[in-house]
Every structure is written in structure tokens, then in C-alpha cells.
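Residue numbers (our numbering): 13 to 313.
Virtual Cβ for every residue (Gly too), placed ideally from N, Cα, C.
Please read the structure below before turning to the comments.
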Amino acid sequence: MHNKAYFSVKNHTMQHKTVIITGANSGIGKATAIALAKKGAHIVMVCRNPEKGAAAQKEIIAASKSNKVAIHLCDFSSQQQIRQAAATLQECYPKIDVLLNNAGMIMHEKQLTEDGLEMTFAVDHLGYFLFTNLLLDTLRNTPNARIINVASEAHRMVSKIDWDNLQAEKKFSQWGSYGLAKLGNILFTYELAHQLNGTGITVNCLHPGVVSTNFGQTGGWLKHAMSLISWFLISPEKGAETSIYLASSPDVATITGKYFDKKKASKSSALSYDKAVAKKLWNISAKLTGLVVSDTAQTST
13 MHNKAYFSVK NHTMQHKTVI ITGANSGIGK ATAIALAKKG AHIVMVCRNP EKGAAAQKEI
73 IAASKSNKVA IHLCDFSSQQ QIRQAAATLQ ECYPKIDVLL NNAGMIMHEK QLTEDGLEMT
133 FAVDHLGYFL FTNLLLDTLR NTPNARIINV ASEAHRMVSK IDWDNLQAEK KFSQWGSYGL
193 AKLGNILFTY ELAHQLNGTG ITVNCLHPGV VSTNFGQTGG WLKHAMSLIS WFLISPEKGA
253 ETSIYLASSP DVATITGKYF DKKKASKSSA LSYDKAVAKK LWNISAKLTG LVVSDTAQTS
313 T
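What follows is the structure, given as C-alpha cells:
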């Protein structure tokens, strides 16, 4: 009886909380959505594909036994769509308790977005950057809001940033672009946490583990490599555990500016702590996304 009561309380710790999850239609995004919906959260799925999004919405509702699951469409390779989605979300939701930037991808060959930016860097880093900044006013107006960025241990592949090759102008590398974007997630997390210090908003990032999802299915040798190592990949449910923890646990209610692995604060690479690099990347990202930035706030042009 005691155990049942305990789990009942645990499962409703997110009641009346609005949680926005990008890339919620598959993998760890969907697993996170199911878990948080079970805890009573109002889940807002932000997905690119309407058919896959609708199918995942049905799965999440069935698995969580909660109908508080909404879909908003956005292709994170399009800054226009990111702006439209952010504006719509702010109209629909007067408060955002958790923003989980989870959407990500990796290209096996160089491809540019409609904005003329290298696809992996644009979606995996600039998408987080622009979307979060556009939602900051609502996050500021929500007590104890949390921002969570899904990064990766792949950030360690970048020991120095080539500022003249951010868009693969000189050379494209599948893992180089991905590692740069994931390093960008962490630098963004640390700088944003610094800027939001004292506001009550926490900003953290995480490594989900090496997860068995459809990630990397764009083709090339990565798809083949992922199939070869599939036997030791963890499940999306296991990979979602740290995201779920950061979104819901009272243990991290006041912790900010940290990199988590297996639900514990961990050290990221030495480069990720370079404040000058973080500020330079922030300013470049602001220019690439059309944001006007001050030291303490960001507003869109």
C-alpha cells in the first residue's frame, strides 16, 4: 500500500506543467514524452512530419493514458518555420515549464538549408539557439522554468573550432559537423545559464548515451556502422532517463549550467568551458539567426 501511494505521487509530479519537446515523434523524444505524460504533464510535441507526428501522438496517448498531448509542426532547418512555431506556441501557452530541445540529425554529405546554412549545424545548434531565444519571454514568466538541451559526448571530437569552417565552407566532415553542433549545444547551455542567473530559470544539457533509434538513417557509412554496433546500443527508454530526470526531478530544481550523463553532473570537454569561445559562438549564432543580443536579454528583429 505504501509503495502504491508513493508511485502515485511520483507519477503526478508534473501535473499542470507544460512541457515542449522538439523531435518528440521518435526515439528518446517520444520515450521522454510518454514518461512525462504519465507524470501528468501537458506534452507539446514539436515535429517536422505531420503523419509521423500524428502516429506518435496516438502512441504517446495510448502508452501514457493521457490525452494532454498536442502537436505543433516545425521543420528546424527553416528559421522562418522556427519563428512561426515559437509565435504560435507563445499564443497557445501562457507558461512553459520545460523546454526540451531534443530534435537532431546528422547528414552523411554536405547539404544547405533554405537559409544557406550547413544542415547539421543549422538544425542541431542554431535550431536550439533560435527556438529557445524566441521563447524566453514566456519562460521568464513561468516560475522555476527549465531549459534542457540534448547534447552528446560527440562534442569531444572538436578540440578547436575553425571559425572559417562553421558552414563547412572549406571542408565537410559528417562527424566534424555533428561534433561541432553538439559542442555548440553545450557552449550555448553554459552561456545562457550565465545570462539567466538569478531569474529562476535553469539551463542544463546532457548526453543521452548511444541510443538505438533511427538517428543516422540519412544514409552513407554511418547507417551501416550503426547497424554493425546495434547489439550494444541502449534503448530509447534508457536514453531518455536523463532528459526525464532533468525535466521532472526536484533534485535539480536549482541546478543550472551543468552537463549531465546518466543522471549525474559530469565534466564536458575543456573547450566547452572557454567563456570567450562561448560568447563568440553566441554572437555568430545571433547574426546567423537574425537576433539582436544584449548581455542579459535577447529579442528578435
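Limits of the unbroken beta strand (DSSP E) element including residue i
i           : result
residue 206 : Unbroken run through residue 206 is the alpha helix (DSSP H), 186-207; no beta strand (DSSP E).
residue 59  : 54-59
residue 146 : It is not in any beta strand (DSSP E) - residue 146 instead sits in the alpha helix (DSSP H) that spans 139-146.
residue 154 : Run containing residue 154: none; DSSP gives neither H nor E here.
residue 48  : No beta strand (DSSP E) contains residue 48, which is instead part of the alpha helix (DSSP H) from 39-50.
residue 112 : 110-113
Sequence-distant residues of the same chain with beta carbon closer than 6 Å to residue i, five excluded per side
i           : result
residue 204 : 215
residue 29  : 53, 109
residue 173 : none
residue 31  : 48, 53, 55, 110
residue 37  : 59, 64, 65, 68
residue 122 : 180, 184
residue 268 : 205, 214, 215
residue 240 : Annotation note: pLDDT 43 at residue 240 (below 50); position unreliable, no value reported.
residue 105 : 30
Residue from the options with nearest C-alpha to residue i
i           : options            : result
residue 44  : 256, 71, 210       : 256
residue 189 : 206, 182, 178      : 178
residue 101 : 221, 270, 122, 55  : 55
residue 197 : 170, 182, 181, 266 : 170
residue 286 : 206, 180, 266      : 206
residue 221 : 262, 201, 274, 51  : 274
residue 193 : 127, 114, 146, 209 : 114
residue 277 : 254, 291, 146      : 254
residue 258 : 160, 62, 175       : 160
residue 201 : 266, 140, 99, 134  : 140
residue 26  : 136, 266, 262      : 262
residue 150 : 103, 187, 126, 168 : 103
residue 50  : 175, 62, 75, 91    : 75
residue 292 : 260, 187, 280, 175 : 175
residue 157 : 260, 250, 62       : 260
residue 298 : 33, 91, 34         : 91
residue 186 : 136, 62, 264       : 136
residue 264 : 217, 302, 245, 134 : 217
residue 303 : 148, 126, 85, 124  : 148
Sequence-distant residues of the same chain with beta carbon closer than 7 Å to residue i, five excluded per side
i           : result
residue 47  : 252, 256
residue 79  : 73
residue 69  : 57, 81, 83
residue 289 : 173, 199, 283
residue 300 : 129, 138
residue 132 : 117, 118, 119, 189, 190, 193
residue 87  : 60, 93
residue 280 : 167, 198, 271
residue 62  : 85
Heavy atom of the ligand HEM within 7 Å of residue i beta-carbon
i          : result
residue 76 : For the structure depicted, the ligand HEM is absent and the ligand set is empty, with no information on it obtainable.
Residue i, DSSP secondary structure in three states
i           : result
residue 278 : strand
residue 132 : helix
residue 28  : coil
residue 273 : strand
residue 267 : coil
residue 235 : Unreliable placement is indicated for residue 235, whose pLDDT of 46 sits below 50; the coordinate value is still reported in the next sentence. Residue 235 falls in the helix class under three-state DSSP.
residue 283 : helix
residue 150 : helix
residue 167 : helix
residue 213 : coil
residue 33  : strand
residue 241 : Note that residue 241 has pLDDT 41, beneath the 50 cutoff, so the model's placement of it is unreliable and no number is given.
residue 66  : helix
Range of the contiguous alpha helix (DSSP H) that encloses residue i
i           : result
residue 177 : Premise fails: residue 177 is in no alpha helix (DSSP H) and is neither H nor E.
residue 257 : 253-260
residue 295 : 287-301
Cβ shell of residue i (< 8 Å), same chain only, five flanking positions each side left out
i           : result
residue 183 : 177
residue 42  : 36, 68, 71, 72, 248
residue 219 : 163, 164, 165, 254, 271, 272, 273, 278
residue 211 : 152
residue 266 : 214
residue 243 : Because the pLDDT at residue 243 is just 42, under 50, the model does not fix this residue reliably, and the value given afterwards should be weighed accordingly. Taken in chain order, the list of residues that qualify is empty.
Hey, which unbroken runs of the beta strand (DSSP E) at 3 residues or more fall wholly within the region 77-106? 81-85
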